[in-house]
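Asks:
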Amino acid sequence: MLLKLENVSKNFGKLCIFKNISLSISKGEKVALLGPSGCGKTTLLRIIAGLEDADGKIEKNFDKIGYIFQESRLIPWKTIYENLKFVSEDSKKIDNILKSLKLYEFKDYYPIKLSGGMKQRVNLARALLVEPDLLLLDEPFSSLDIHIKWNLIKDLNTQIDKNHITTILVTHDLKEALMLSDKIYVLSNRPAKIIGEFLTSQINESDLSNEIIKLWGG
1 MLLKLENVSK NFGKLCIFKN ISLSISKGEK VALLGPSGCG KTTLLRIIAG
51 LEDADGKIEK NFDKIGYIFQ ESRLIPWKTI YENLKFVSED SKKIDNILKS
101 LKLYEFKDYY PIKLSGGMKQ RVNLARALLV EPDLLLLDEP FSSLDIHIKW
151 NLIKDLNTQI DKNHITTILV THDLKEALML SDKIYVLSNR PAKIIGEFLT
201 SQINESDLSN EIIKLWGG
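Positions 1 to 218 (full-length UniProt numbering) are the ones given, in order, by the sequence shown.
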């Protein structure tokens, strides 16, 4: 088991963000945490990454984490290549990942010249250079146009499957969850709790959408 949470809860003062979250993720598994905006998904991801504390039990059997945020967080005065050099000094590895993500011809560009989709490709390249045991995706497609989003998801899936990377995606978008996960945990509104668990291989999009609408009280 790569990650196991047992009765994990988080409060900010008197505000309960989520309560008694329990889940387990095996090595190589692709998991989505699907929930309404503001329900605490990002906070849960930060707890898994070790950036926030929480009550409850967390078992971690991994060393390296890759983290892709909603925003780019690239160093604006550095080129794409220079941004990646902060993660790895291996020029050959950098060149390979740039080529695989269709970024090589833009390696000397500065972030200001890049579209939102291109910036997220650089973020993905940076995360993959770590050779992570666990890749955390915090709604990285939320600001992208549909066409750009699906192309990026396709390339991301290729990299995840090629490198057998365990992945946790946080999203409020069912289509994203279906495209990038084997298993979906459905979270309620805040204070969030897990109210559903689905294997994407065993249910179609229409039926899953209806189930989620019921769970969210629609």
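Where a beta carbon is used, it is the ideal one built from N, C-alpha and C, also for glycine.
Every value quoted in this text rests on a predicted model; they were computed, and no experiment measured them.
Note down the Cα distance separating GLY66 from ILE48, rounded to an integer number of angstroms.
Replies: Their backbone Cα atoms lie some 12 Å apart in a straight line.
Asks: Quick check: LEU174 and LEU144, are their CB atoms within less than 8 Å of each other?
Replies: Contact flag unset, no.
Asks: Could you say which of ILE160, LEU178, ARG46 and PHE12 lies nearest to SER206 if we only look at CA atoms?
Replies: Among ILE160, LEU178, ARG46 and PHE12, the Cα nearest to that of SER206 is on LEU178.
Asks: Checking 8 Å against the spacing of the C-beta atoms, do LYS30 and ILE160 come in under that value?
Replies: Result yes, Cβ atoms of LYS30 and ILE160 sit closer than 8 Å.
Asks: Starting from the C-beta of LEU98, find all residues in its chain whose C-beta is less than 6 Å away, skip the five residues before and the five after it, and write them out in chain order.
Replies: Counting only Cβ-Cβ distances below 6 Å, and skipping sequence neighbours, we find TYR104 and LYS107.
Asks: For ILE165 and PRO132, I'd like the C-alpha separation in whole angstroms.
Replies: Whole-angstrom Cα-Cα distance: 7 Å.
Asks: Would you kindly work out how many angstroms separate the C-alpha atoms of ASN151 and LYS14, rounded to a whole number?
Replies: Between ASN151 and LYS14, the C-alpha separation is close to 42 Å.
Asks: What residue ranges within the segment 113-143 form continuous beta strand (DSSP E) runs of no fewer than 3 residues, ordered along the chain?
Replies: Those beta strand (DSSP E) runs which fall completely within the segment 113-143 and span 3+ residues are 134-138.
Asks: In whole angstroms, give me the CA-to-CA distance for TRP77 and GLY117.
Replies: So the alpha carbons of these two residues sit roughly 19 Å apart.
Asks: Determine the burial state of LYS120: buried for a count of at least 16 other Cβ atoms within 10 Å of its Cβ, exposed for fewer.
Replies: First, the residue type needs correcting, since residue 120 is Gln and not Lys in the sequence shown. Result: buried.
Asks: Does the segment 25-43 come within contact of the segment 85-93, defined as at least 3 CB pairs closer than 8 Å?
Replies: No: the two stretches stay apart, fewer than three of their Cβ pairs being nearer than 8 Å.
Asks: Which residues in the same chain as ILE168 place their Cβ atom closer than 6 Å to its Cβ, once the five residues preceding and following it in sequence are excluded?
Replies: Hits under 6 Å: VAL31 and LEU136.
Asks: May I ask which residues mark the beginning and end of the alpha helix (DSSP H) holding TYR81?
Replies: Here the alpha helix (DSSP H) through TYR81 covers 80-85.
Asks: Using only alpha-carbon positions, find the residue among LYS183, LYS27, THR200 and GLU139 that is nearest to PHE62.
Replies: When only C-alpha atoms are compared, the closest one is LYS27.
Asks: Using the C-alpha atoms, what's the distance from LEU23 back to LEU180?
Replies: Roughly 18 Å separates the two Cα atoms.
Asks: Tell me where the beta strand (DSSP E) around ILE97 begins and ends.
Replies: Where ILE97 is concerned, there is no enclosing beta strand (DSSP E), although the alpha helix (DSSP H) it sits in stretches over 91-100.
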